[in-house]
Every structure is written in structure tokens, then in C-alpha cells.
Amino acid sequence: MRVFLLLLVLVLLQLVDLSHGQTKSQENNTGFQCSARGSYPCQAYAFYRAQSAEFLDLASIGDLFQVSRLMISKPSNISSGSVSSPLTPNQPLFIPLTCSCNSINSTFGSISYANISYTIKPNDTFFLVSTIKFENLTTYPSVEVVNPKLIVTNLQIGDNAIFPIFCKCPDNNTTVSNTRANYMISYVVQPSDNLSSIASRFGSQEKAIASVNSNKFNVYDTIFVPVTRLPVLSQPNTSAGAAPSPTPTSTGSSDNRTGTVRGLAIGLGIAGLLLILVSGLWIYRESLLKDRMWAARDEEEQRQKQGRLFLGDGKGGGKQKMDVKLMANVSDCLDKYRVFGIEELIEATDGFSDSCLIQGSVYKGTIDGEIYAIKKMKWNAYEELKILQKVNHGNLVKLEGFCIDSEEGNCYLVYEYVENGSLYTWLHEEDGKHEKLNWKTRVRIGIDIANGLQYIHEHTRPRVVHKDIKSSNILLDSNMRAKIANFGLAKSGMNAITMHIVGTQGYIAPEYLADGVVSTKMDVFSFGVVLLELISGREAIDEEGNLLWMSAVKTFEEVSSDQEKAKRLREWMDKTMLRDTVSMDSLLGVLGIAIACLHKEPSKRPSIVDVVYALCKSDDAGFETSEEGIGSPRVTAR
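Mapped onto mature numbering (1 follows the signal peptide of the UniProt record, and there is no 0), the consecutive letters of the sequence shown carry residue numbers -21 to -1, 1 to 617.
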């Protein structure tokens, strides 16, 4: 009995120490200083363990870090056939990050981190999200620093916050075994870790890790591990386990067997009791931690202040009771879009089941015989609704209606269903369902995307910047015509400066990543990356973290000879297009447009009007590139 009580005391002390250690680590870290003149921005990775019950699949972790499942599975050594499978508790993952040096203010200077946008949910606090969901890859003081407009003791459901995931870029002096490091891995120190075990885990050196982190090594701190290449993570075997070995026949006496059974029963009973007590202590510790870090908030009272919205039969009828602020937000939309009832959407999607999931948080549903794409999100859709009211074009996905469920704090946008899915699927996923696109279809898709961008850039006032043009946000209809989707990050107005850097790695314009400059030219840059995907069949960022646009610029930018450029293009292009007759002049023309769109100086990129014109002529002429963008058409022999 004394041993049992002693064991309980030790467990309790360990839990208290764990709580104290995490709190102390959080309190002492507001971020890591950096210099934008260094090697920023760069590709980095975070080591993440699938632990929390809500993050035991790649989709939810991808949504948390704003990356796709494939972007996690490839560096994490998870086969493409397992990306939809549940993860095992404590399964190791590499999360790709775009690490940048962000200017904060005169007090904090510049801090090195990856911008991750997060929508506040019920019971969230900066401390709990940073420690539980992001597993100490950031700290609540750092979150406060980069979100000065949010009141930490009065966070509202639906608030958007930036969670700065700590990262670092290697410079020329960062070496491992006298070889320049290519990546830095953000790693949270665990109680059982030491410098040797961390170096061994990632194939680095103790000296290199100590040098990068100034010999600081505290439990639950984020440290940076320099590596020349990502190590191969050992993943659990998901195949059926081997059958257990037969139990050997006992040769002992009946008394021995009885004694063994009794001893085993007593041991299991004690173990079970201990497990129950430890679980209770852990829950008690979590409760104390919440109370100590933040003043108690009455969630029900907040909801009453926000008000409730009750919708009728989904066809505009029925009594509506709305909070005044909520009514003001959507009142402009009520006469333009169909207002769906939440019960309609639940029935249409079979309770938002996985069988109806298209990707992310978008579901396929059938209402009154019509098929729709239903986007589920927290109540932060007003900006998207406001922009979608202003646009109506054949190359933009059409919004059909919306639904607000304030009971759960959700908003649903109901779009037209685009039959053939995303361009990303057709270019990059080998599922046997999609045949490879021919060059004529790819050029037509490029023209469609450019036409959609021309509409939002030139025919809306103020101009709309999409901010997230990428192949997964381009949908193809039954005639393989392209439509731009997902205006969740779009912004009305341009030439603004923002600290809220959002987007997708591999597509983000350099000036936006470095300085937060929002303009239509950032969409032109992203469109240039999509053109490269159409030409090469490669992804915007590969499993080694190499950016497609950088590869293209290095391969083609300084080549003056058309013959040499054509030779390199044959090696670089998607080989599946060689089965058809492809005009090299057309390929060179589209490549020239793409390279022009990728100019580091936004003012030297072509306007989207020039791009549309150039693409429409690309079947008959090549286009030269210069520092001024797209040159005059140049007719060449085939």
C-alpha cells in the first residue's frame, strides 16, 4: 500500500511539473529575432506528433497548418494510398512551413516565423491553442505580439488570429559535418530528450544544434535542428499484424497456475485503478491550468450577447430572429441569394459525412434534385459574401446561397457544383480516374483562368485581389472549362500593407511574403506558377521543398538562344504531352508568359490584360521576355 501511495505522489508531482514547465516555457518566449537581409524567406519544416483526438488524420492537421495532405505525407514518408487513413497516436510528421522574417514594431524588431491563420473556436485561448493544438511550436506571448488588436481575455468566436509557428532559415555558416544545411527543423524539446538523442533522431550533429540555438536547451522550448536533408521518418505498419504465437502448454502444477492467475488479476486491478486515478489527476490538472491562465468566461452568456438566428424552411419563408449586428452583416445578401435551412444541408450531405466530402471542408450535397458544393466554415464569411456579391462571370464559381447556424457558430456557403473537380487532381494525382490533359486543353484552361482574373482585376470597384490562386482552387466543368474558386482570402482594394500573411506555399509572391504588399500583381505571380504546372506537370513545391518557379527561372531566364531554350524545355515539360502533336512555338510562348509573370519586381510583371492577349495568340507566335515583361509577338517557323 505504501508503494502504491508513493507511486501516486510521484505521478502527481510529474503532472504538476509538466504543467509548470509548459507555462514557464511559454512565458519566457516572445519569438526569435531575425534579419530580413539574411536567407529569408525559405522552406522549413516543423516536427509534429499526431496526439490530440481532433488531429488524428492528415486532413485536420493540414487544415490547422494550411497545407494539403500530400504536402505532409510526402516528407513524412506516408504512402499516397494512406493519406486518408487515420493516424496512430504519437505518429511523427513533418509539416512544411514557409519561414519569413516579419517586422513587428520598434520594441520587438523582426521575428522569424511562419504565418498560420487560425479561427477562434469556443473555449479557445491563446495559451491552450499554442500548447495543445500547435504543441508548443509557438507561445502565447508571441501570439499576443503579432495580434495587437485582439483582446486576449475577450476572444470572440470567429476571430481570426495569426499563430506564429517558430522557424528559422539556415545561412552560409550553418553547417552539418562541414556541409551547408539546407533546412531547419522546428522541434519542441521533450522531458526525455537530450542533445545526443535529438541529433541522432534527425541525422544532425550536437555541435550544429548547440550553435544554432546558442546552447539553450529547455524542456518544451522550440529549438531548431539544422539538416542537409530530411530524415526518413519511421511510420507505423498499417498492414494486418501477424497472428499471435500459440501459448505454450503449461507443465506446472494446478496450484502454480492458480497462483499465477491470482497474481495477474491483482496486478491488472491495481494497474486499472492507477490508470483511473492518473486520468482523473490529468483532467484536474487541465482544469487548474485553464483557471490559472485566464479568467473564466461564460460561453453561454457570450452566445446570448451575440444573438441567435433561426431560419425558416430554407426558401426565404418562416419567422427570422436575428441579432442586430448579424442581420446588418448579411442583409445585403438576403435578396440576392437563396437562404438555405441547416436541416436542408444536413439532409443533403448525410449529416456532413465523409462520404460526401470533396476536400477540406467542402461537401457535395443534393437539394431538390440539384447538386451543390457546400462549404462549411466558422462565422467569418461576411467578407467572402461581400466580395461574391460584386462578381458574376463564367470563369468564376457561382455562389447559389448560404446558411447561418449561430447555434453552432457555423456559416455555410452553397456554390454551384463543378463536375470535374480541381486542376490539381488532373495534373498531379495518379488515381487512374483522370487521363492526362493535352496541350490544347491546358492552354484553354490558362486562358479561362486569366479571363476570370481579368474580370476581378479590371471590372470590379474597388478591384478584387484573389490572394490564393493555385491549381487546387481552379475547378473544371463538364466541358473542361476552368472556373476560379475559393474567395476566402480575397480582398477588395489593393496596394495595402498587411501583417496577416496568408496563402499557399509555392504560389506566394515575394513582395507579399516579405512586406505584406497586396496588389493584383500578386495574383499575376501566382498565375505564372499555375502556367508552369500546366507546362511541366510538376507541383508548385516538391517533396524536398524546392519551389517550381525558382527552378523555372534558373533553367530559362538567362538562356538567349531559342534553340537552347527549346532543348531545355523538351527536358523540362510534361512528357505525357509528347503523345500528341505539340507546337514548340506555343510551348515557348506560354513559358515566356509564365516567366514574365514571375518577375521579382511587381511593376515589371505584365498586367492580366496583357496576359490574356498573349495567351490567346500563343498558338501562332512565340513571345520574348525582357525586364519589361512580355515583348511583341514574334512569328517563327514550326
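Quick reminder that beta carbons are idealized off the backbone N, C-alpha and C, glycines included.
- Burial state of Asp329 is exposed, judged by a 10 Å Cβ sphere holding fewer than 16 other Cβ atoms.
- Taking the Cα of Leu548 as reference, the smallest distance to any Cα among Ser539, Leu570 and Met529 is reached at Leu570.
- The beta-bridge partner set that DSSP reports for Leu76 consists of Ala23.
- Using a Cβ-Cβ distance cut-off of 8 Å, the segment 100 to 107 and the segment 68 to 80 are not in contact, since fewer than three pairs of beta carbons, one from each stretch, lie closer than that value.
- Under DSSP, Ser89 shares a beta bridge with Ser82.
- Residue pairing by DSSP places Pro71 opposite Arg28 in a beta bridge.
- Spanning the alpha carbons of Val167 and Val198 requires a straight line of approximately 8 Å.
- In this structure, Ile366 sits near Phe466, with a CB-CB distance shorter than 8 Å.
- According to DSSP, residue pairing for Phe381 in a beta bridge involves Val318 and Leu392.
- With at least 16 other beta carbons inside 10 angstroms of its own, Ile141 counts as buried.
- Cβ atoms of Tyr316 and Leu378 come within 8 Å of each other, at about 6 Å.
- Counting only residues of its own chain and dropping the five nearest sequence neighbours on each side, Val591 has a CB closer than 8 Å to the CB of Ile426, Ala429, Asn430 and Gln433.
- The alpha helix (DSSP H) runs of length 4 or more contained entirely in the segment 88 to 144 are, from start to end of the chain, 119 to 125.
- For Met529, the enclosing alpha helix (DSSP H) has its first and last residue at Leu527 to Phe535.
- For Lys128, the number of other beta carbons within 10 angstroms of its own is below 16, and it is reported as exposed.
- In this structure, the alpha-carbon of Tyr396 lies about 14 Å from that of Leu324.
- Of the residues assessed, Ser175 falls on the exposed side of the cut-off, its CB having fewer than 16 other CB atoms within 10 angstroms.
- Residue state for Phe203 is assigned as strand, using DSSP reduced to three classes.
- In the structure shown, the three-state DSSP call for Ala464 is coil.
- For Thr420, the enclosing alpha helix (DSSP H) stretches over residues Trp418 to Glu437.
- The alpha carbon of Arg423 has as its nearest neighbour, out of Ser597, Lys544, Glu550 and Glu33, the alpha carbon of Ser597.
- Separation of Ser471 and Val443 (C-alpha to C-alpha, rounded to the nearest whole angstrom) is 5 Å.
- Counting C-beta pairs with one atom in each stretch, the segment 199 to 206 and the segment 180 to 187 have three or more that are closer than 8 Å, which means they touch.
- The beta carbons of Phe44 and Ser55 sit about 12 Å from each other, so the pair does not count as a contact at 8 Å.
- Rounded to the nearest whole angstrom, the CA to CA distance from Tyr27 to Leu37 is 11 Å.
- Excluding its 5 nearest sequence neighbours in each direction, Ala545 has C-beta neighbours in its own chain below 6 Å: Met563, listed in chain order.
- Taking 8 Å as the cut-off, the beta carbon of Val503 is found no closer than this to the beta carbon of Gly485.
- For the pair Ile90 and Pro143, the CB atoms are nearer than the 8 Å cut-off.
- Sequence-distant partners of Thr483 (beyond 5 residues in either direction) whose C-beta falls short of 7 Å from its own C-beta, in its chain, are Asp447 and Lys449.
- Within the DSSP secondary-structure output, Thr154 pairs in a beta bridge with Arg159.
- A direct Cα-Cα distance of roughly 33 Å separates Ser586 from Val125.
- By the criterion of a C-beta distance shorter than 7 Å, Asp559 is surrounded in its chain by Asn417 and Trp418, once the five residues flanking it on both sides are discounted.
- Residue state for Gln542 is assigned as helix, using DSSP reduced to three classes.
- The alpha carbon of Cys146 has as its nearest neighbour, out of Thr132, Asn173, Met163 and Thr158, the alpha carbon of Met163.
- C-alpha of Ser96 to C-alpha of Glu537: approximately 37 Å in a straight line.
- Leu567 carries a helical assignment under DSSP once its states are collapsed to helix, strand and coil.
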